[in-house]
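The opening residue of the sequence shown carries number 1 in UniProt numbering; numbering runs sequentially from there. We put the beta carbon where it would ideally sit given N, CA and C, even for glycine. Have a look at the structure below before the remarks.
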Amino acid sequence: MFKFLFGRKSDVPQVVRETQRETIERALGEINEITALMDPKPKFVVDGQTGHLELDLPDQLPDEALALPSPADEPETDEAKPANPVPA
């Protein structure tokens, strides 16, 4: 009867907030999916006093090795070489 006064219900679905348990389960699932594909596997360290998790990763991961050239493999450019001196 008073729908015109109070407005109509929006067609946009309401955002449902995740509980802390759902957030932790989702994040842990994502970490497990990522580490399952890694070789070598990272070492997980749990700090008992703070409850923080740390990952002991190698210095360079396989995808980083493919993405970045090593400093020795970089081609020298003409700008880096001194120009040939003109005899006076």
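Our two residues, K41 and D11, have alpha carbons roughly 46 angstroms apart in a direct line. Here the alpha carbons of A72 and R26 stand approximately 42 angstroms from one another. Counted as a single uninterrupted DSSP element, the stretch harbouring E18 is not any alpha helix (DSSP H), since DSSP gives it neither H nor E. Rounded to whole angstroms, the separation of the alpha carbons of I24 and T50 is 16 angstroms. Cβ-Cβ distances below 7 angstroms link A65 to nothing in the same chain once the five nearest sequence neighbours on each side are left out. Note that the C-beta distance between L37 and F44 is not below 8 angstroms.
If you look at D56, you'll find it in the beta strand (DSSP E) that goes 53-56. Across the structure, L57 and P13 are spaced so that their CA atoms are roughly 41 angstroms apart. Listed in chain order, the non-local C-beta contacts of I34 below 7 angstroms within the same chain number zero, local neighbours out to five positions each way being set aside.
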